[in-house]
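K.L.:
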Amino acid sequence: MVAHQPGTTPAPAVREPGLTEAEAALRLERYGPNAVTAERGIPLYARVGRQLRDPLIMVLLGAIVLTVLIGDHTDSLVIALVIVVNTTVGVVQEIRADRAVAALSAMSAPTARVRRDGEEREIPSAAVVPGDLLLLAEGDIVPADAGLTHASALLVDESMLTGESVPVDKSPHTGTPDDARVHAGTVVVRGRGVASVTATGKAGALGRIAALMETRPEPTPLQRRLAALGRVLALVTVVLCLIVFALGLLRGTAPGLMAVTAISLAVAAVPESLPAVVTLALALGARRMAARHAVVRRLPAVETLGSVTVLATDKTGTLTEARMVVEHVWTPRVAARLTGAGYEPSGEIRIDGTGGDDGVVPGADGGGRAGGDHAGGGGTGGRPATDGELAPLRELLTAAALCNDAELRPPSEDDTRWGALGDPTEAALLTAAAKAGCDDRRALNRRYPRTDEEPFDSLRKRMTTLHHTPDGQVLVCLKGAPEAVLDPAVLAEPPRLLEHARSTAARLAAQGYRVLAVASALVDEAPERARDAERGLRLLGLAALNDPPKAAAAATLADCRAAGIIPVLITGDHPATARAIATRVGLLPGSAPYDEPGKEPGTGLGSEPGHTTDDVVTGQALAAGDVPDPTLVRVFARTEPEQKLDIVQAWRARGHVTAMTGDGVNDGPALRRADIGVAMGRRGTEVARQAADLVLTDDELSTVVAAVEEGRRVYDNIRRFLLYGLAGGTAEILVMLIGPLLGLPLPLRAGQILWINLLTHGLTGVAMGAEPVARGAMRRPPRPPGQHVLGDGLWQRILLLGAVVTVASLAAGLGARELGAPWQSVLFLSLLAAQLGVVLGLRDRLVTRENLFLPVAVAVSAGLAAAAVYLPFLSSVLRTTALAPRELAVAVGVGLLGFAAARLGGRDKSRDADRDKSRDKSRDKSRDKSDGPRREP
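In short: position in the sequence shown from 1, add 352, done, that's the working numbering.
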């Protein structure tokens, strides 16, 4: 909130006493606090219960029961430890994320200024009640929905609610009911007002939008895939236990021994460290993303980002700077382009052309003004301005700086960027004046002190100020909408010049610019009222303003397309503005005009069926049913919150995984409905942050692309572990089933199976979750949303690797038996070595400094494997025999064979990458008609 002097009132002529404190207390009890009900805190037991309900965890809980029943307490403790670690990591990460989001909530306005008992008071915004008189002034955040009773040049930024980037004039005296209302969460950028609160909390606009978000979160793609895998593994486990147990009984083996062996195989069949691997991979991904300015609110969302196929983004503050900038200036003598970003008063003035039309244009003084035919927009070249060319530009921008109530704020410790207080449009004009070398506003005000003014309002659409000049004359400065200024009743200019100025303004407006006309005059005496000076003025020119795209926006969207992600723009702003921004960031081809002949602008009509359209589709056309397939549209404008929901749902109905970015209250429902909701942390509202899965603390869209890369890394590591763990489990099962048929009565004892399982699925398996991102991960399309976690050939590779390890291990065991060596120990060590060779062979980068934990884990596991054979204590527990060097060399050879099989089995990644590059090239050739790969329904 902005501080105000005690006793200051927005409307001093009116002194309504407001509510009494007693009445306010009664209404607070009746209506409740002025707060949209936040999500209730999740108790610790509920968090733990949610972790334990995971299907894989439930399989492990069943394995604990079975091992306890047969007295195998050691393995019960090992499995229990895995469950405890997994649950602890998951719960801790969720709590940390919730705390980080709670810290972001401090950006909300905590207080409000009201009048009670006839006195101004500052109270917590939660204590505002219906009937309170709000005192609004420049910089205030409106605490509740209210109806204006008085206003003076009141301008409100409603972008958080509507998506409209240009502030809106508010007055209780206009004919439009919405112009006489202010809404909670909006910001007063100029003027003063008094408003009577009409609705608080859930009854207000914020509450109505929040009600749209009261839906139960759906499971993420990873949760669905692992749940399906857990059910399959549970079924396989039961079947294998029964088969092994029955075969053992048929061979005459003791039931107790076969029960232990069957349960050991069940443990081997289930990669019990998979939950730990998944949780570690997600937690590491969340930590890396936090270091890159992204807070993950729900841990599984990290992986979901890797499967995103559609990125729906809003405009203001996400693709754009959320700061108005003067980009073009047109005068009757010259047209120029201004460089620079934000409110920082640095940049260049580049001359694009002359301002007249087809030669000489008569001036007000009867002389001539040289000219050409340039609209002043869109150029990227230009040349530096000469002193003569700068003169008319400085004259225009000086008048705009005098007819101005904004202030520029230099960087501070809290904010390293230049800021502004007041109307963003006026602040942009001050920045442009500084770029042109004009005196700053304070110096201008000292030289030309303001004596009178006529504020801007939505009816007149112009503002006029009067100033004393050093020589005793009166300087009249006027700025406003072109239709209100380019009028013969206001300007003493020839019709030809006025017509050319109107066409130039229309051309700039069609390109998405907000256009202001500026005029001035010198008079001998000040009129009685400032508005009486609005005649006989001289046209200084036009200023074209825009909320420009962020410097990295186009490159970020290009990265999305390269990764096979379809970007879609959904904004509440004007269609022309939406098209201009979409064209500049590469969402739409630059050659397509906004108003094509024979086509209704902003409806999406006229596009070929089955192909993406270059039209900007409005929310009105969407609601009217004029758009049969919203997934063919890339830019939506003038959308309402309900329509954002419809757009997201249309993509999801086509089987796509959607990510929705937003910062405003109007984005909240779509953020909740999307598979991944991404909110802005700095500029975002509390409603948007609570609805999101991911909060960007730097408000940069490029962070989303980094998060997608992290999500793909997580999913790749999970699949890599599944290949490793299930191939090893398959080999162990096949050895136990085939071994007896080849004359090996009990290939492995229960303790040996569990030891292998502990070393391969334990430390080594968990280390796989920290593997770095694969090369080319962001140059391949996202996996199909419906693809099974073992899809894309993974289960075939599991069987292939399992078969290789099985054959090599049994061959080593059979050879040792033929030579009279301790064949069971050779088989035990060979099977373990083969799996350790596989884990190294599956690395995408064989030699890398990243994730040194994995080679260390393999070395430790190899040492423990040798200890199981050579240490007397372990040897007696596991019933192994020390091996001779030749027999040990056989086991090492089997390990090398496993390594080679894994490397050869991983070659399909390179082939996939080549195919992806070919697909990328094909997409690049057709990108002038399409934004990226599109899946047919």
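Cβ atoms here follow ideal geometry from the backbone N, Cα and C, with glycine treated the same way.
Quick caveat: nothing in here was measured; it's all calculated off a predicted structure.
What three-state label does DSSP hand Met676 in the structure shown?
P.N.:
Residue numbering aside, residue 676 sits at position 324 when the sequence shown is read from its first letter. Looking at Met676 - three-state DSSP - the assignment turns out to be coil, as it is neither helix nor strand.
K.L.:
Could you name the residues that DSSP lists as bridge partners for Lys522?
P.N.:
Stepping through the sequence shown from its first residue, residue 522 is reached at position 170. Leu506, per the DSSP bridge assignment.
K.L.:
Count the other C-beta atoms from every protein chain shown that fall within 10 angstroms of the C-beta of Val591, then say buried if there are 16 or more, exposed otherwise.
P.N.:
Looking up residue 591 in the sequence shown gives position 239. By the neighbour-count rule (16 or more Cβ atoms within 10 Å), Val591 is not buried but exposed.
K.L.:
For Thr552, tell me which candidate among Pro495, Leu578, Leu500 has the shortest Cα-Cα distance.
P.N.:
Here residue 552 refers to the residue found at position 200 when the sequence shown is read from its first residue. The residue with the shortest Cα to Cα distance from Thr552 is Pro495.
K.L.:
Taking the alpha helix (DSSP H) that Asp739 belongs to, which residues open and close that run?
P.N.:
Here residue 739 corresponds to residue number 387 of the sequence shown, with the count starting at 1. First-last of the alpha helix (DSSP H) with Asp739: 739–754.
K.L.:
Whole-angstrom Cβ separation of Leu1188 and Gly1247, contact assumed at under 8 Å?
P.N.:
The residue you call residue 1188 lines up with position 836 of the sequence shown. The residue you call residue 1247 lines up with position 895 of the sequence shown. That belief holds up - the Cβ atoms of Leu1188 and Gly1247 are roughly 6 Å apart, short of 8 Å.
K.L.:
According to DSSP, is Thr514 helix, strand or coil?
P.N.:
The residue given as residue 514 occupies position 162 in the sequence shown. Three-state DSSP puts Thr514 in a helix.
K.L.:
Enumerate, from N- to C-terminal direction, the unbroken alpha helix (DSSP H) stretches of 4 or more residues contained entirely within the stretch 904–939.
P.N.:
As far as the stretch 904–939 is concerned, its whole alpha helix (DSSP H) runs of at least 4 residues are 905–914, 927–936.
K.L.:
Which of helix, strand or coil does DSSP assign to Val1125?
P.N.:
Working through the sequence shown from its first residue, we reach residue 1125 at position 773. Val1125: coil per DSSP, three-state reduction.
K.L.:
Can the beta-carbon of Thr683 be found closer than 8 Å to that of Pro736?
P.N.:
Locating residue 683 in the sequence shown gives position 331, where the first residue counts as 1. Locating residue 736 in the sequence shown gives position 384, where the first residue counts as 1. Contact flag unset, no.
K.L.:
Using the rule of at least 16 other Cβ atoms within 10 Å of the residue's Cβ for burial, across every protein chain shown, is Thr983 buried or exposed?
P.N.:
Counting from 1 along the sequence shown, the entry for residue 983 is found at position 631. Under this definition Thr983 is a buried residue.
K.L.:
With DSSP as the reference, identify every bridge partner of Pro901, one or two as the case may be.
P.N.:
On the sequence shown, residue 901 is found 549 positions in, with the first residue counted as 1. Paired residues: Thr672.
K.L.:
Who are the near neighbours of Ala904 in its chain, counting only those whose CB is closer than 6 Å to its CB and skipping five residues on each side?
P.N.:
The count along the sequence shown starts at 1 and reaches residue 904 at position 552. Around Ala904: Ser1054.
K.L.:
Pull the bridge partners of Arg473 from the DSSP assignment, please.
P.N.:
To locate residue 473, count along the sequence shown from 1; it is residue 121. Paired residue(s): Val466.
K.L.:
Apply the 10 Å Cβ neighbour rule to Phe1180 and answer buried if 16 or more other Cβ atoms are within range, or exposed otherwise.
P.N.:
Locating residue 1180 in the sequence shown gives position 828, counting from the first residue. So Phe1180 ends up on the buried side.
K.L.:
Among residues of its own chain, excluding the 5 on either side of Ala1296, which ones have a beta-carbon nearer than 7 Å to its beta-carbon?
P.N.:
This structure leaves residue 1296 out entirely; the chain is present only between 353 and 1289.
K.L.:
For the beta strand (DSSP E) holding Gly1014, just list the boundary residues, first then last.
P.N.:
Along the sequence shown, one-based indexing puts residue 1014 at 662. Start and end: 1010–1014.
K.L.:
Using the DSSP secondary-structure output, state which residues sit across from Lys787 in a beta bridge.
P.N.:
Locating residue 787 in the sequence shown gives position 435, where the first residue counts as 1. DSSP, once it has assigned bridges, lists no residue as partnering Lys787.
K.L.:
For the stretch 1161–1238, list the alpha helix (DSSP H) runs that are entirely contained and at least 4 residues long, ordered along the chain.
P.N.:
If we require 4 residues or more, the alpha helix (DSSP H) runs fully inside the stretch 1161–1238 come out as 1175–1193, 1205–1222, 1224–1230.
K.L.:
For Gly637, which residues from the same chain have a beta carbon less than 8 Å from its beta carbon, with the 5 sequence-adjacent residues on both sides left out?
P.N.:
Translated into positions along the sequence shown, residue 637 becomes position 285. Only Val648, Val654, Glu655, Glu1062, Gly1063, Arg1065, Val1066 meet the Cβ criterion.
K.L.:
Which first and last residues belong to the alpha helix (DSSP H) in which Glu835 is found?
P.N.:
For the purposes of this step, residue 835 is taken as residue 483 along the sequence shown, with counting starting at 1. Unbroken alpha helix (DSSP H) run through Glu835: 834–837.
K.L.:
Opposite Gly771 in the DSSP bridges: which residues?
P.N.:
By 1-based counting over the sequence shown, the position of residue 771 is 419. DSSP output for Gly771 lists Arg761 as bridge partner(s).
K.L.:
Buried or exposed: Ile1150, going by 16 or more other Cβ atoms within 10 Å of its Cβ?
P.N.:
If you number the sequence shown from 1, residue 1150 lands on position 798. Buried: at least 16 other Cβ atoms inside 10 Å.
K.L.:
Sort out for me which residues DSSP pairs His820 with in a bridge.
P.N.:
In the sequence shown, residue 820 corresponds to position 468, counting from 1. Beta-bridge pairing links His820 to Val826.
K.L.:
Just to confirm my understanding: we take Ser959, look at its own chain, exclude 5 residues before and 5 after, and list those with CB closer than 8 Å. What are they?
P.N.:
The residue given as residue 959 occupies position 607 in the sequence shown. Note that Ser959 scores 39 on pLDDT, short of 50, meaning its location in the model is unreliable; the coordinates nonetheless yield the value given after this. The residues are Thr965, Asp966, Asp967, Leu984.
K.L.:
Is DSSP giving Asp1144 helix, strand or coil here?
P.N.:
Counting from one through the sequence shown, the residue named residue 1144 turns up at place 792. DSSP places Asp1144 in coil when its eight states are reduced to three.
K.L.:
Helix, strand or coil for Glu886? Go by DSSP, reduced to three states.
P.N.:
Indexing the sequence shown from 1 puts residue 886 at position 534. Of the three classes helix, strand and coil, the one that applies to Glu886 here is coil, per DSSP.
K.L.:
Taking the alpha-carbon of Thr991 as reference, which of Gln972, Val588, Ala1164 has the nearest alpha-carbon?
P.N.:
Here residue 991 corresponds to residue number 639 of the sequence shown, with the count starting at 1. Of the candidates Gln972, Val588, Ala1164, the one whose C-alpha sits nearest the C-alpha of Thr991 is Gln972.
K.L.:
Using CA coordinates, which residue listed in Pro807, Asp1027, Arg1041 is at the minimum distance from Gly1033?
P.N.:
Locating residue 1033 in the sequence shown gives position 681, counting from the first residue. Closest by alpha carbon: Arg1041.
K.L.:
Anyone know if the C-beta pair for Met641 and Ala1059 falls short of 8 Å?
P.N.:
Counting from 1 along the sequence shown, the entry for residue 641 is found at position 289. Counting from 1 along the sequence shown, the entry for residue 1059 is found at position 707. In this structure, Ala1059 lies closer than 8 Å to Met641 by Cβ.
K.L.:
Which whole-angstrom value describes the C-beta separation of Ala784 and Val937, a residue pair presumed to lie in contact below a C-beta threshold of 8 Å?
P.N.:
Position 432 of the sequence shown, counted from the start, is the residue given in the question as residue 784. Position 585 of the sequence shown, counted from the start, is the residue given in the question as residue 937. Not a contact, Cβ separation roughly 23 Å.
K.L.:
Of the residues Phe597, Ser511, Leu487, which one's Cα is nearest the Cα of Gly543?
P.N.:
Stepping through the sequence shown from its first residue, residue 543 is reached at position 191. It is Leu487 whose Cα lies nearest to the Cα of Gly543.
K.L.:
Take Ala932 and list the residues in its own chain whose beta-carbon comes closer than 6 Å to its own, dropping the five residues that flank it on each side.
P.N.:
Position 580 of the sequence shown, counting from 1, holds the residue named residue 932. Once the five neighbours on either side are set aside, the close Cβ partners of Ala932 are Gln863, Gly864.
K.L.:
Just mark His525 as buried or exposed, buried being the case when its beta carbon has 16 or more other beta carbons within 10 Å.
P.N.:
Walking along the sequence shown from the start, residue 525 turns up at place 173. So His525 ends up on the exposed side.
K.L.:
Helix, strand or coil: which one does DSSP assign to Asp530?
P.N.:
Within the sequence shown, numbered from 1, the residue matching residue 530 stands at position 178. The answer is helix: DSSP assigns Asp530 an H, G or I state.
K.L.:
Looking at the structure shown, is Gly556 part of a helix, part of a strand, or coil, going by DSSP?
P.N.:
Within the sequence shown, the letter at position 204 stands for residue 556. Residue state, collapsed to three classes: coil.
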